[in-house]
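Data block below; observations after.
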Amino acid sequence: MRGYLEVFNLTVRFGNHVILHGLDLLVERGEFVSIIGHSGCGKSTLLGVIAGLIKPSEGSVVLDGKEVLEPGPDRAMVFQNYSLLPWLSVYENVMLAVKSVFKGEDLTKARRKAEDYLKLAGLWEHKNKLPSQISGGMKQRTALVRALAVDPKVLLLDEPFGALDALTRATLQDELLRIWENDKKTVLMVTHDVEEAIYMSDRIVIMSNGPSAKVYDIVKVGIKRPRVREEMIRLKEYLDLKEYLIYTLREKLKRREVA
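Everything in the sequence shown is counted per my numbering, starting at -6 for the first residue and increasing by one.
Below is the structure:
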């Protein structure tokens, strides 16, 4: 079986420290996949390799039939800390990325699409504000719009909502899902939040503990879309899956304390 995004026998070493060892993963086009696991299991490292920011020691990553060897506009990454340029407005932050990828007629089309994303994310009326003039939630909306505006094949999210309060986090989850339902981008998201993983994902990848981490299990989320949070959390499928994920992390992958 071959996927749209293929990770083969991936090993990453930093000096003598093995972060990932022999990791395999297939992701289909348009799939939303979350990656969970304990701190230090290499979740962010895996995203870094897929993004082309980290070179694998062994193995390979293939996207749409082409091996990933360096960063490129076909993969866009969103971090927890926004990474916006403070001297540029919301609109300028987004358009800087768009202009770096598109030229000519393609740029005109991309600009229109970026403006649509800004409106969909509720940022249009704030487009001329600097990052210092908007909330944390708006900053992360801007980072997401900037990533989507370059029309990547894969969107990589490294705990994108981790720094936000619960209400803002839930709102952004809903907004991202609404955009995803429209565009069906392939998404890989690292999260520590089991409930977030279930709500957002088609499948959830559970990483084994590091060092030398690999995929421990992959679970399909069989809850129909579109999902309504208030209804979903009462479903037996949701409760059973949540219980399994928590049990796996707490008991099967229990961290050993070092004296």
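Don't be surprised by glycine CBs; every beta carbon is placed ideally from N, CA and C. Keep in mind the model is a prediction, meaning the values are calculated, not measured.
Start-to-end residues for the alpha helix (DSSP H) that takes in residue i
i: L111; result: G97 to L113
i: A90; result: V83 to V94
i: G130; result: G129 to A142
i: R222; result: R222 to M225
Which of helix, strand or coil DSSP assigns to residue i
i: E250; result: At E250 the pLDDT is 45, less than 50, meaning the model places this residue with poor confidence and gives no usable figure here.
i: Y184; result: Before going further, note that residue 184 is Thr rather than Tyr in the sequence given. Three-state DSSP puts T184 in coil, outside helix and strand.
i: E236; result: helix
i: L39; result: helix
i: G33; result: coil
i: D210; result: strand
i: R243; result: helix
i: A190; result: helix
i: D17; result: strand
Of the residues the options, the one placed nearest residue i, counting alpha carbons only
i: D186; options: D17, I197 and E108; result: I197
i: L246; options: K132, K213 and M200; result: M200
i: D144; options: G45, A107 and H31; result: A107
i: M193; options: G65, G130 and L150; result: L150
i: P31; options: K229, G215, D233 and Y209; result: First, the amino acid is wrong: residue 31 is His here, not Pro. The residue with the shortest Cα to Cα distance from H31 is Y209.
i: F95; options: D67, P79, G115 and L242; result: D67
i: P124; options: N86, T101 and W117; result: N86
i: P153; options: Q133, L228 and K120; result: Q133
i: D57; options: R22, V91 and E51; result: R22
i: F1; options: I43, S27, E189 and G35; result: I43
8 Å contact criterion, which residue i and residue j should meet: CB distance rounded
i: V71; j: A140; result: 5 Å
i: L3; j: L16; result: 4 Å
i: L234; j: V214; result: 7 Å
Those residues which DSSP pairs with residue i across a bridge
i: R6; result: V11
i: T179; result: V147
i: F25; result: V180
i: A156; result: Answer is none; A156 lacks a bridge partner.
First and last residue of the uninterrupted beta strand (DSSP E) at residue i
i: E174; result: Premise fails: E174 lies in the alpha helix (DSSP H), A159 to D176, not in any beta strand (DSSP E).
i: R196; result: R196 to M200
i: E51; result: E51 to L56
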